[in-house]
Structures are given as C-alpha cells and as structure tokens.
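Every number in the working numbering is 1 more than the matching position in the sequence shown, counting from 1. Only one structure is covered here, and it is reproduced in the block below.
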Amino acid sequence: MKLLALCTTSLSFIPSLISAIAIPAADVVAPRNETSSLEKRGGEVNYLSNCLRVDVNLTSGYYASYIAWYSNVDNSQSGQRPDSLSSEYRDWSKGGAYLTWEGQQQEIYFPDSGAIVRTHIDSDAKSRAFTAYAGWAQRVSDGRVFNCYKGLVPPAVNRAYSER
C-alpha cells in the first residue's frame, strides 16, 4: 500500500486560488449573486482546491486540483469526510501543475455520481479579500448554481484526498 500525504499550499506561494467555497442560494437554480452572504449554513457546499500530493516513502510529490462536495455545509466544518470527491486534475500544458480556476471555465467530473460541475471563477479572484465573492459554479445535471467565495479548505477535505 502506498501512503500519500496531502499538503495544501499557502496563498502566498501559489499563482492560483486555493479554494472557492461554493454555497448555493435558497432556490434550486439560484441566480449568481455577488452580494449573497457566506454566512449561510445548511445546504450543499463544494470546495475547489489546489493541493500538493506527497508520497511519504519517496519524499516526492505533485500538484493536483479537486472539488470536494458535501450535501450539508455544516458537515464540512465538523471534521466529516466529503460526501463525494471529484477526479484528480492536472494542467499538462503547464508541466502537470494544478488547474488555474480563475478566468478559465473548468469542467470537473465526479466518478461516483457521474456529476459534472462547471466552474466560473473571476479572473481577479485571487486578489480579493478572504471570504469575498469569487465567481460561481454550476452542476450540469440539474442546473444548480453555487455562488463561490475565496476561502480555505477544511482539514477533513485534506484528509479525504490523502486517503484516496
């Protein structure tokens, strides 16, 4: 068995956003809303993340991007594993670096459910303040729109990636 450790990188060292916390508005198909509150609790949440995966046996690693989905945002704050993890993504045009979320639409696949989430993170999102509106994402199957905010990935998400 190969053990992998996952380290998230600091915002000051990466050229891309670590995470966008995507929280849906009350309606199933919510309009994009720059003034909506990050304080909303309950409901679904997605964490867009760029990670450094490290093989602890070889002390080598690589960068990768993921989305973690929780059916209830409160579970993401209480140390629970995500309900679903996307496939791993790397930008091979940049030598295998993590994805650039900002200013580029990404289509992220979840193998356990077949769901696809399209991200639309604003090109200047990384320069915005912590918890500021950063863009939006949409689940293709039902059209549900998630407002995205600049934030940090909860520790349980990091553990889930490393246990993959």
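We put the CB at the ideal spot given by N, CA and C, even for glycine. In this text the structure is predicted, and so the values were computed from the model without any measurement.
- When Cβ pairs closer than 8 Å are counted between the two stretches, the segment 69-83 is seen not to touch the segment 120-133, the count staying below three.
- The Cβ atoms of Ile-68 and Ser-87 sit closer than 7 Å to each other.
- Distance between Ser-66 and Asn-51, taken at the CA atoms: about 4 Å.
- Per DSSP, Gly-80 has no beta bridge partner at all.
- Using a 10 angstroms sphere on the CB of Ser-72, the tally of other CB atoms stays under 16, which defines it as exposed.
- Contact check for Val-55 and Ser-77: beta-carbon distance about 23 Å, past the 8 Å limit, so the pair fails to qualify.
- About 18 Å separates the beta carbons of Phe-111 and Trp-137, which is beyond the 8 Å limit, so they are not a contact pair.
- CA-to-CA, the gap between Ile-122 and Tyr-134 works out to about 9 Å.
- Spatial neighbours of Gln-107 in its own chain (CB-CB distance under 6 Å, excluding positions within 5 residues in sequence) are listed in chain order as Leu-100 and Thr-120.
- A straight line joining the alpha-carbon of Trp-102 with that of Tyr-150 spans about 12 Å.
- Taking the Cα of Gly-97 as reference, the smallest distance to any Cα among Val-74, Ser-114, Gly-62 and Asp-75 is reached at Gly-62.
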